[in-house]
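Beneath this line is the structure, given in structure tokens, with notes to follow.
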Amino acid sequence: MVEGVETDDYRTSRGLLSVIRRDDKKHARTDADVAKEYDDFPIVSCRDEINAPHSPRSLAIKIVEDNVPAWATHAAIRAVLVKRLTLVRSAERTTKPPETALPLSSIGEASPSKIVDTLLTFGRSLARPEWEPKFAPTPDTGANEFLRSNALAFLCAVIADQGMPAERAWYLPYGLYRRLGHLDPSRIVADQAAVEAAVRGPPSLHRFPKKYAEWIVAGATRVLDQYGGDASRVWTGKPTAREVFERLDQFEGIGQKKAAMAVEILERDLSIPISAMGGSDVAYDVHVRRVFLRTGLAQRDELDHIISVARTLRPERPGEIDMPTWRVGRQWCHAGTPDCGACPLDAVCPKIISRNPLRAQP
Numbered sequence: 001m002v003e004g005v006e007t008d009d010y011r012t013s014r015g016l017l018s019v020i021r022r023d024d025k026k027h028a029r030t031d032a033d034v035a036k037e038y039d040d041f042p043i044v045s046c047r048d049e050i051n052a053p054h055s056p057r058s059l060a061i062k063i064v065e066d067n068v069p070a071w072a073t074h075a076a077i078r079a080v081l082v083k084r085l086t087l088v089r090s091a092e093r094t095t096k097p098p099e100t101a102l103p104l105s106s107i108g109e110a111s112p113s114k115i116v117d118t119l120l121t122f123g124r125s126l127a128r129p130e131w132e133p134k135f136a137p138t139p140d141t142g143a144n145e146f147l148r149s150n151a152l153a154f155l156c157a158v159i160a161d162q163g164m165p166a167e168r169a170w171y172l173p174y175g176l177y178r179r180l181g182h183l184d185p186s187r188i189v190a191d192q193a194a195v196e197a198a199v200r201g202p203p204s205l206h207r208f209p210k211k212y213a214e215w216i217v218a219g220a221t222r223v224l225d226q227y228g229g230d231a232s233r234v235w236t237g238k239p240t241a242r243e244v245f246e247r248l249d250q251f252e253g254i255g256q257k258k259a260a261m262a263v264e265i266l267e268r269d270l271s272i273p274i275s276a277m278g279g280s281d282v283a284y285d286v287h288v289r290r291v292f293l294r295t296g297l298a299q300r301d302e303l304d305h306i307i308s309v310a311r312t313l314r315p316e317r318p319g320e321i322d323m324p325t326w327r328v329g330r331q332w333c334h335a336g337t338p339d340c341g342a343c344p345l346d347a348v349c350p351k352i353i354s355r356n357p358l359r360a361q362p
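Last residue of the sequence shown: 362 (the numbering used here), numbering continuous.
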């Protein structure tokens with residue numbers, strides 16, 4: 001059994017918190033306490049989500065109340081941790097718990113190129129109808145329009161996309177704009193305290209309010225100093241994919257994962273003219289890494305190795321593999337119990353379920 005407690009923004013998010021427990025059943029308080037099985041989940045601090053005098057400092061996962069698969073996975077992880085503790089404490093232990101296994105009849109057989117082709121076909125099936133905006137990463141139409149029309153908002157969202165559900169991260173710039181009354185780089189740089197207060201809430205817009213505020217101020221400073229106050233100049237002028245990646249990578253809070261993801265979104269969804277897309281890459285994201293490992297596309301959970309695999313299998317545009325792989329990892333190829341039967345890769349995946357990324361990356 002697992003518990004769920006309403007967050008301060010429950011009425012809008014329908015989110016519930018459930019405390020993460022360590023192997024010894026005590027509450028997790030630092031990232032080091034969190035079992036790797038929780039890599040897929042949005043991890044938050046109870047104090048950031050519930051503004052109450054006795055709100056604990058414990059870490060928790062935030063799940064929408066009707067997300068039954070997520071609650072089931074959480075319960076399964078709890079059960080595994082309890083079993084692990086029992087085994088460690090048993091002086092007579094002679095065997096380890098079995099790894100997840102699947103019937104041989106369900107194991108797919110395909111070449112790496114076939115797996116990639118299947119991923120790309122799945123990616124094309126996700127294209128939105130022509131009459132709908134291509135880029136709509138949040139359920140809020142106002143937030144989506146703001147992201148499409150405001151380059152600094154897009155940049156702030158890329159920076160925010162860490163340690164929380166993607167939908168919430170991409171909503172953040174709009175939430176920040178509504179609280180500040182602006183998203184002007186000069187005013188942001190002039191008043192970091194106001195930015196941090198707006199992020200902190202309540203409710204908090206980000207898991208790490210202080211750090212995110214620092215990144216936003218640093219980003220606004222770079223936009224002013226390097227791009228004349230216009231964030232769109234980071235990607236306008238028909239630059240190459242590699243040039244856009246390198247420019248984004250210079251911003252604090254943006255690393256390989258976020259920069260690679262942003263290049264693809266800009267060209268694919270926002271129709272920004274970017275040349276030489278052969279210089280794009282997959283993002284070193286936990287979902288992408290897990291799918292690469294379990295399909296056998298990658299043999300090691302290493303940044304250079306996974307990027308090299310994508311470049312070899314899709315040299316004309318390695319980054320094109322990223323989005324469909326991320327969707328498979330997030331929706332079906334869970335760290336705990338994958339939903340292989342519903343996965344688009346079911347017929348071609350060898351299902352090496354015991355393989356999981358070593359740790360989530362920022």
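Ideal Cβ placement from N, Cα and C applies to all residues, glycine included.
Neighbourhood of residue i by C-beta, 6 Å cutoff - its chain only, sequence neighbours within 5 removed
i, result
"residue 137", "170"
"residue 128", "134"
"residue 266", "235, 272"
"residue 179", "198"
"residue 201", "none"
"residue 90", "With a pLDDT of only 44 at residue 90, under the threshold of 50, the placement of this residue in the model should not be trusted; the figure read from the coordinates follows. No residues qualify anywhere along the chain."
"residue 248", "254, 259, 262"
"residue 113", "none"
"residue 344", "122"
Neighbourhood of residue i by C-beta, 8 Å cutoff - its chain only, sequence neighbours within 5 removed
i, result
"residue 276", "240, 241, 242"
"residue 104", "Legend: pLDDT at residue 104 = 39, less than 50; position of this residue unreliable, value from coordinates given subsequently. So the list is empty, once near-sequence residues are dropped."
"residue 132", "none"
"residue 16", "4, 5, 6, 7, 10, 62, 63, 64, 65"
"residue 305", "298, 299"
"residue 325", "119, 282, 287, 288, 291, 292"
"residue 238", "273, 274, 275"
"residue 342", "332"
Close beta carbons around residue i, own chain, < 7 Å, minus the five adjacent residues each side
i, result
"residue 94", "In this predicted model, residue 94 has a pLDDT of only 40, less than 50, meaning its place in the structure is not dependable; the value taken from the coordinates is given anyway. Taken in chain order, the list of residues that qualify is empty."
"residue 382", "The structure shown does not extend to residue 382, since the chain is modelled only from 1 to 362, so the question has no answer here."
"residue 329", "287, 288, 290, 291"
"residue 31", "none"
"residue 157", "147, 169, 170, 172, 173"
Whole-Å CB distance - residue i paired with residue j, under 8 Å assumed
i, j, result
"residue 332", "residue 322", "16 Å between Cβ atoms; not a contact."
"residue 63", "residue 71", "6 Å"
"residue 8", "residue 185", "No, residue 8 and residue 185 are not in contact; Cβ-Cβ is about 29 Å, not under 8 Å."
"residue 320", "residue 327", "So it is not a contact: roughly 13 Å between Cβ atoms."
"residue 48", "residue 168", "That belief does not hold up - the Cβ atoms of residue 48 and residue 168 are roughly 12 Å apart, past 8 Å."
"residue 20", "residue 50", "At roughly 15 Å, the Cβ-Cβ gap does not stay under 8 Å, so residue 20 and residue 50 are not in contact."
"residue 115", "residue 312", "Between residue 312 and residue 115 the Cβ distance is about 13 Å, and since that is not below 8 Å, they are no contact."
Cutoff 8 Å: residue i Cβ touching any chain B Cβ
i, result
"residue 282", "Here there is only one protein chain, and chain B is not present."
Start-to-end residues for the beta strand (DSSP E) that takes in residue i
i, result
"residue 62", "59-64"
"residue 18", "15-19"
Strand pairing of residue i, partner residues [DSSP]
i, result
"residue 216", "Beta-bridge pairing links residue 216 to no other residue."
"residue 43", "61"
"residue 6", "16"
"residue 240", "275"
Enclosing alpha helix (DSSP H) for residue i [first to last residue]
i, result
"residue 265", "256-268"
"residue 158", "151-160"
"residue 331", "322-331"
"residue 174", "166-180"
"residue 25", "That residue, residue 25, is in no alpha helix (DSSP H); it is neither H nor E in DSSP."
"residue 117", "112-125"
"residue 198", "192-200"
"residue 307", "303-313"
"residue 132", "Element bounds for residue 132: n/a, residue is neither H nor E."
"residue 294", "286-295"
- prompt: For the 8 Å Cβ check, are there 3 or more pairs between the stretch 186-196 and the stretch 347-359?
  reply: No, the stretch 186-196 is not in contact with the stretch 347-359.
- prompt: Looking at C-beta atoms only, is the number of pairs between the stretch 287-304 and the stretch 261-278 that lie closer than 8 Å three or more?
  reply: Flag = no, the stretch 287-304 and the stretch 261-278 do not touch.
query: For the stretch 247-257 against the stretch 202-216, are there 3 or more C-beta pairs whose distance is under 8 Å?
result: Yes, since at least three Cβ pairs between the stretch 247-257 and the stretch 202-216 fall closer than 8 Å, the two stretches touch.
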